[in-house]
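*Asks:* I am attaching a structure below and will ask some questions about it afterwards.
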Amino acid sequence: MSNEIAARLTEMGITLPEAAAPAANYVPYVISGNLLYISGQLPLEGGKVAVSGHLGKTVDVATGQRGAELCAINILAQAKAALGGDLGRIRRIIKLNGFVASAPDFVEQHLVINGASNLIAGVLGEAGKHARAAVGMAALPLNAAVEIDAIMEIAE
């Protein structure tokens, strides 16, 4: 991992966890050429879903943002595992796809996913600026409030 990224993580008080194992029949990441695809990450903390429920019903925006931050931390943990521990190989986050378990009248998914966008940009700087989607869902696995996947450009 580059010293700059490690310093930013430390400044932000973030310790990356061990990358979570898949919960079903898929792999946690795929590298194809210079692209790294990270499977959807839930807001896991200590191996358990830390933010569950539906935004606009049982979860407020600030709590949803914390869930999105945890998803971003888990994305970085998966990237670290995929890249042999070297997050400095990330050239650019191309896209984050954010899924938010939402009550039918909740329309602030974009604010929730800002939690992940802000964290990724804070850790990776210019390389962390990305395109994204923020989509409302009826339900997510394990009753998670948020799930986020990522596509990254990496150095070979």
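Residues 1 to 156 in full-length UniProt numbering are what the sequence shown lists, from first letter to last.
C-beta atoms are modelled at their ideal positions from N, C-alpha and C, and glycine is treated no differently.
#1: Given 8 Å as the limit, is there contact between the region 119–135 and the region 86–100, that is, 3 or more CB pairs closer than that?
#2: Please report the Cβ distance between Glu4 and Arg92, rounded to the nearest whole angstrom; I am assuming they are in contact, meaning their Cβ atoms lie under 8 Å.
#3: What are the partner residues of Ser32, as DSSP defines its beta bridges?
#4: Going by Cα to Cα distance, which pick from Leu76, Asn74 and Ala50 is closest to Gly64?
#5: Where does Ser117 fall in DSSP's three states?
#6: Do the region 140–154 and the region 37–46 make contact, defined as three or more Cβ pairs closer than 8 Å?
#7: Evaluate contact between the region 18–38 and the region 71–91, counting only Cβ atoms and requiring at least three cross-stretch pairs below 8 Å.
#8: Look at the alpha carbon of Arg89 and the alpha carbon of Leu83, and state the distance between them as a whole number of angstroms.
#9: Return the residue from the list Asp105, Pro22 and Glu18 that minimises the CA-CA distance to Gly56.
#10: Mind checking which residues open and close the beta strand (DSSP E) that includes Gly98?
#11: Quickly, what does DSSP pair Ala79 with across the bridge? List them, please.
#12: Just list the residues that DSSP pairs Gln41 with in beta bridges.
#13: In chain order, what residues of the same chain have a beta carbon less than 8 Å from the beta carbon of Met12, not counting five sequence neighbours either side?
#14: Starting from Ser2, follow its DSSP beta bridges and name the residues at the other end.
*Replies:* So, from the listed chains and residues:
#1: Taking one beta carbon from each stretch, the region 119–135 and the region 86–100 have 3 or more pairs nearer than 8 Å; the two touch.
#2: Actually they do not touch by this definition, with Cβ atoms about 15 Å apart.
#3: Looking at the DSSP assignment, Ser32 forms a beta bridge with Leu35.
#4: Distances from the alpha-carbon of Gly64 to those of Leu76, Asn74 and Ala50 put Ala50 closest.
#5: When secondary structure is reduced to three states using DSSP, Ser117 falls in the helix class.
#6: The answer is yes - the region 37–46 touches the region 140–154, with three or more Cβ pairs under 8 Å.
#7: Segments in contact, yes.
#8: For Arg89 and Leu83, the distance between alpha carbons rounds to 7 Å.
#9: Among Asp105, Pro22 and Glu18, the Cα nearest to that of Gly56 belongs to Asp105.
#10: Its beta strand (DSSP E) spans residues Ile90 to Ala101.
#11: BP columns for Ala79 are empty, so no partner.
#12: BP columns for Gln41 point to Ile148.
#13: So the list reads Leu119, Gly122 and Val123, once near-sequence residues are dropped.
#14: None, per the DSSP bridge assignment.
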